[in-house]
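In what follows, a single structure is set out as structure tokens and then discussed.
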Amino acid sequence: MRSWVLLISSFSICAAAQDAVVPGEFLVDPPTIENLGFRWYLEGDDNRNASVSVSYRRRSERQWRTGHPMLRVKNEVANQEYGPYRTGNLFAGSVMFLRPGTPYEVKFDMRDPDGGAPPPESGCSSHAGRTGRF
80 MRSWVLLISS
90 FSICAAAQDA
100 VVPGEFLVDP
110 PTIENLGFRW
120 YLEGDDNRNA
130 SVSVSYRRRS
140 ERQWRTGHPM
150 LRVKNEVANQ
160 EYGPYRTGNL
170 FAGSVMFLRP
180 GTPYEVKFDM
190 RDPDGGAPPP
200 ESGCSSHAGR
210 TGRF
């Protein structure tokens, strides 16, 4: 009778997760007649718990309106059927249904429970096809 001894050794190589968000490039996409689009690239946030809230107003108004929070995107494969590409590590969002030809201000507030987010009130302004960052 033979006995077999199976020795299994397990080695675990773990890369250190970077949970704190590190903000990167902020892009304002070319505006449409009544919509504004934004992308905020980042590093870290491996646990995907950072968020970006959006507020906007007409430049002539005092009251800020709440926009939809930015969507968290992290290396997903998009356009899978016709020309797949891998997205970056970013937040993406839009402010929609704006009055054409009207100047707007938009504020972005990035928060991360793990730290590393910039101070509140990063923002940009837009007016009838022209955009700029402030």
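According to the numbering used here, the sequence shown is numbered sequentially starting from 80.
We put the CB at the ideal spot given by N, CA and C, even for glycine.
- Here DSSP, grouped into helix, strand and coil, assigns W143 to coil.
- The C-alpha of Y183 lies about 18 Å from the C-alpha of A171.
- About 6 Å separates the CB atoms of G146 and S134; that is less than 8 Å, so the two are in contact.
- Beta-bridge partners assigned by DSSP to R136: E184.
- If the five residues before and after L106 are omitted, its C-beta is found closer than 8 Å to the C-beta atoms of F117, R118, W119, Y120, all from its own chain and listed in chain order.
- In this structure, the alpha-carbon of R136 lies about 7 Å from that of Q142.
- A residue is called buried once 16 or more other Cβ atoms fall within 10 Å of its Cβ, and D108, having fewer, is exposed.
- In this structure, E104 lies away from N168, with their beta-carbon atoms at least 8 Å apart.
- Our two residues, R190 and L150, have alpha carbons roughly 13 Å apart in a direct line.
- Cβ neighbours of R144 within its own chain (closer than 8 Å, five residues either side excluded): S134, Y135, R136.
- Within the same chain, Cβ atoms closer than 6 Å to the Cβ of A196 are found at V100, M189, R190, the five residues on either side in sequence being excluded.
- Take F176, set aside five residues on each side of it, and the residues of its chain with a beta-carbon closer than 8 Å to its own are E113, N114, in chain order.
- Spatial neighbours of P163 in its own chain (CB-CB distance under 6 Å, excluding positions within 5 residues in sequence) are listed in chain order as V156.
- Within the DSSP secondary-structure output, F176 pairs in no beta bridge.
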